[in-house]
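Novice: Once you've had a glance at the structure underneath, I'll fire off some questions.
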Amino acid sequence: MKMSGEQHLAASREEVWQALNDPEVLKECIPGCESIEKLSDTEMEAVAKVKVGPVSSRFKGKVTLSDLDPPNGYRISGEGSGGAAGFAKGGAAVKLAQADDGGTLLTYDVDATVGGKLAQIGQRLIDGTARKMADQFFSRFAEKVGRAEAPAEAATPPEAEPAAAPAEPGGQEPAPIGGMNRWIAIAAAVIIALLIVYFMRS
Numbered sequence: 001m002k003m004s005g006e007q008h009l010a011a012s013r014e015e016v017w018q019a020l021n022d023p024e025v026l027k028e029c030i031p032g033c034e035s036i037e038k039l040s041d042t043e044m045e046a047v048a049k050v051k052v053g054p055v056s057s058r059f060k061g062k063v064t065l066s067d068l069d070p071p072n073g074y075r076i077s078g079e080g081s082g083g084a085a086g087f088a089k090g091g092a093a094v095k096l097a098q099a100d101d102g103g104t105l106l107t108y109d110v111d112a113t114v115g116g117k118l119a120q121i122g123q124r125l126i127d128g129t130a131r132k133m134a135d136q137f138f139s140r141f142a143e144k145v146g147r148a149e150a151p152a153e154a155a156t157p158p159e160a161e162p163a164a165a166p167a168e169p170g171g172q173e174p175a176p177i178g179g180m181n182r183w184i185a186i187a188a189a190v191i192i193a194l195l196i197v198y199f200m201r202s
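Numbered by UniProt numbering, the letters in the sequence shown go through residues 1 to 202 in order.
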């Protein structure tokens, strides 16, 4: 599956970066996120509980960062496993740019595959769940940094019955990070919000 999209945030790039640098903000925004752990300056792991129709599982995803060009963008490659529920793997290019109106434009290009039970579930149900999770992520993130416009995607999925919502994330004290750690924080959002959420749409 290949897809691309963009999200306009009515906040400055500095405000967006500040939010992306806060793992607590990301954990609150990512549907079902249970933990985000830094393994190195270019690697991290995240765990999220996901339910798609009859399939419910705890996904553990690992991502590696490359082509770093702070603060303009980077490339990530990763994979997530939900045990018997299935797996997802692929990569994405993510960019942040200053919008003409002073806001921030986040763009992404994803190339991913999915297997296991997730690949056997009806496409409409998968699309509905992926759309719901993506909407939840961007809605929550927009609340943290400013209002957001609806995301523009290359391929809009068909209407689907709402799937069961993922578990709400728990809370912990914020842990400010900086330097290369900010890329780990951004990757955490992407690995769950894109590399796991959007994998379901392949």
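Beta carbons: idealized from backbone N, C-alpha and C, even for Gly.
How many angstroms separate the CA atom of K144 from the CA atom of E34?
Specialist: Whole-angstrom Cα-Cα distance: 19 Å.
Novice: Taking 7 Å as the cut-off, decide whether the C-beta atoms of K49 and A85 are in contact.
Specialist: It is not a contact, given that the beta carbons lie outside the stated cut-off.
Novice: Which residues in the same chain have their Cβ closer than 8 Å to the Cβ of L39, if we skip the five residues on either side of it in sequence?
Specialist: Cβ neighbours of L39 beyond the five flanking positions: E45 and K62.
Novice: Could you tell me the alpha carbon to alpha carbon distance between E24 and E37, rounded to whole angstroms?
Specialist: Taking the straight line joining both Cα atoms gives about 12 Å.
Novice: Return the chain-ordered list of same chain residues with a C-beta closer than 6 Å to the C-beta of K95, the five sequence neighbours on each side being excluded.
Specialist: Within the same chain, K95 has close Cβ partners G73 and T107.
Novice: With which residues is V145 paired in a DSSP beta bridge?
Specialist: Beta-bridge pairing links V145 to no other residue.
Novice: Counting only beta-carbon separations shorter than 7 Å, does S77 have a partner in chain D?
Specialist: The structure shown contains no chain D, having only a single protein chain.
Novice: Looking at the structure shown, is A97 part of a helix, part of a strand, or coil, going by DSSP?
Specialist: Correct three-state label for A97: strand.
Novice: Along the chain, where does the beta strand (DSSP E) containing I36 start, and where does it finish?
Specialist: Note, I36: beta strand (DSSP E), C33 to S40.
Novice: Tell me the rounded alpha-carbon separation between R13 and A97.
Specialist: Roughly 7 Å separates the two Cα atoms.
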